Amino acid sequence: MRTFIIAVGLWLLALPVWADARTTVLVDVLRLGELAEILQREGLENAEQLDRDMLGGQGGPGWELQVRAIYSPERIVETVRTALQIALMGQEREDVIRFFAQGTGAQIIALENEARAAITDPEIEEAARAQFSVLDGTADARLAQITALIDSGDMVERNVAAAMNSNFQMLADVTQQHDAVSEDTRSWLYSYLALAYSPLEDDALERYIAFSKTDAGRSLNSALFDGFGAAYEDVSYA
Numbered sequence: 009m010r011t012f013i014i015a016v017g018l019w020l021l022a023l024p025v026w027a028d029a030r031t032t033v034l035v036d037v038l039r040l041g042e043l044a045e046i047l048q049r050e051g052l053e054n055a056e057q058l059d060r061d062m063l064g065g066q067g068g069p070g071w072e073l074q075v076r077a078i079y080s081p082e083r084i085v086e087t088v089r090t091a092l093q094i095a096l097m098g099q100e101r102e103d104v105i106r107f108f109a110q111g112t113g114a115q116i117i118a119l120e121n122e123a124r125a126a127i128t129d130p131e132i133e134e135a136a137r138a139q140f141s142v143l144d145g146t147a148d149a150r151l152a153q154i155t156a157l158i159d160s161g162d163m164v165e166r167n168v169a170a171a172m173n174s175n176f177q178m179l180a181d182v183t184q185q186h187d188a189v190s191e192d193t194r195s196w197l198y199s200y201l202a203l204a205y206s207p208l209e210d211d212a213l214e215r216y217i218a219f220s221k222t223d224a225g226r227s228l229n230s231a232l233f234d235g236f237g238a239a240y241e242d243v244s245y246a
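Each step along the sequence shown adds one to the number in this note's numbering, with nothing skipped, and position 84 is 92.
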C-alpha cells in the first residue's frame, strides 16, 4: 500500500510538468513565436510614425531599443501562453493540437501569419480593404464563410473591446469612439481574413468553421483574445 501511495504522489507531482509540456506543444503548433515577431515588426513601424509625429524624428537608437523591448516576442508569447494554460486543458487542449498540427489546421496557421505580415504594407492593406468594400453586403459565398467564422468567435466585438482597452489611456471619450473603432475593426478583420484564406478551398474553410464551433475551438478563441488582449494592454501602457 505504501508503494502505491508513493507512486500516485509522484504521478500527481509530474502532472503539472506534463501539462506545461503540452502547452509548449500547443504554442509551437500555433506558431505563436512567429506571430509575435510579426507583431514586433508592426510595433516598430508604428513607433517610426510616432517618432516622426510626436518626437520630431529625434527618438534615435534609444527610442528603437525601448520599443523593441516593449514589443518583446518572448514576453508576448509568455502572456498568451499563460492564458492558454488556464483556458485549455485535457481533451480540449489535445483537440486543438491535433487540428492545427497538420493538414487544414497547419495550412490555416501558415496562411494567417503570412497575411498578417503582408497586410502591414499599407498598399496591400488598402487593396484588401478595397476588395472587401466591393463584396460587402453581397451574397458572395466566401464572404458568407468568413462571416460564419467571425460570428462563431464574436471576433469583431472582441477585437473592438481589446482595442478600446489597450488604447484607453489615449482616448478622451471611449464611448464616442466605439462606433468608429467598430467599423474600422470590421473592415480590417474581413479584409485580413479574406486575404489569408484566399488560397483555401471552400471545404477546407468549412472544416475550420466547424472546428471553431466546437468546445475546443471556442476555448481557444477565448484564450487567444484574453492572452493577446493582456499583452497589448501591457504594450500600450509601456
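Ideal Cβ positions, reconstructed from N, Cα and C, are used throughout, including at glycine.
Every value quoted in this text rests on a predicted model; they were computed, and no experiment measured them.
Identity of the residue in the options nearest residue i by Cα
i    : options                   : result
R150 : A204, W196, D162 and A123 : A204
D187 : L34, G98, Y200 and A169   : A169
S160 : S220, E56, S80 and L232   : S220
S304 : R166, A95, A202 and G111  : Because the chain is modelled from 9 through 246, residue 304 falls outside the range shown and cannot be assessed.
M97  : D129, V243, R30 and A218  : R30
L52  : V164, V75 and T32         : V75
Residue i, buried or exposed, once every other Cβ within 10 Å from all chains shown has been counted against 16
i    : result
D211 : exposed
D234 : buried
T146 : exposed
A55  : buried
Y79  : buried
A138 : exposed
R101 : buried
L20  : Confidence in L20 is poor, its pLDDT being 47 and thus under 50, which makes the residue's placement unreliable; the coordinate value appears in the next sentence. That one is exposed.
I84  : buried
A95  : buried
8 Å contact criterion, which residue i and residue j should meet: CB distance rounded
i    : j    : result
P81  : G41  : 6 Å
L213 : Q115 : Their Cβ separation, rounded to whole angstroms, is 10 Å, which puts L213 and Q115 out of contact at 8 Å.
Span separating the alpha-carbon of residue i from that of residue j
i    : j    : result
R106 : W71  : 42 Å
G237 : G64  : 30 Å
R215 : G68  : 48 Å
I14  : Y198 : Residue placement at I14 cannot be trusted, given a pLDDT of 41 that sits under 50; what the coordinates show is reported in the next sentence. If you take the alpha carbons of I14 and Y198, they lie about 55 Å apart.
A218 : V164 : 19 Å
E122 : T128 : 10 Å
Requested in this report: Identify every run of the alpha helix (DSSP H) within the stretch 123–187, keeping only runs that are complete inside it and at least 4 residues long; order them along the chain.
Outcome: 130–143, 149–160 and 163–174
**Report entry** Minimum length 4: unbroken alpha helix (DSSP H) runs contained in the stretch 43–115
**Finding:** Those alpha helix (DSSP H) runs which fall completely within the stretch 43–115 and span 4+ residues are 68–78, 81–95 and 98–108.
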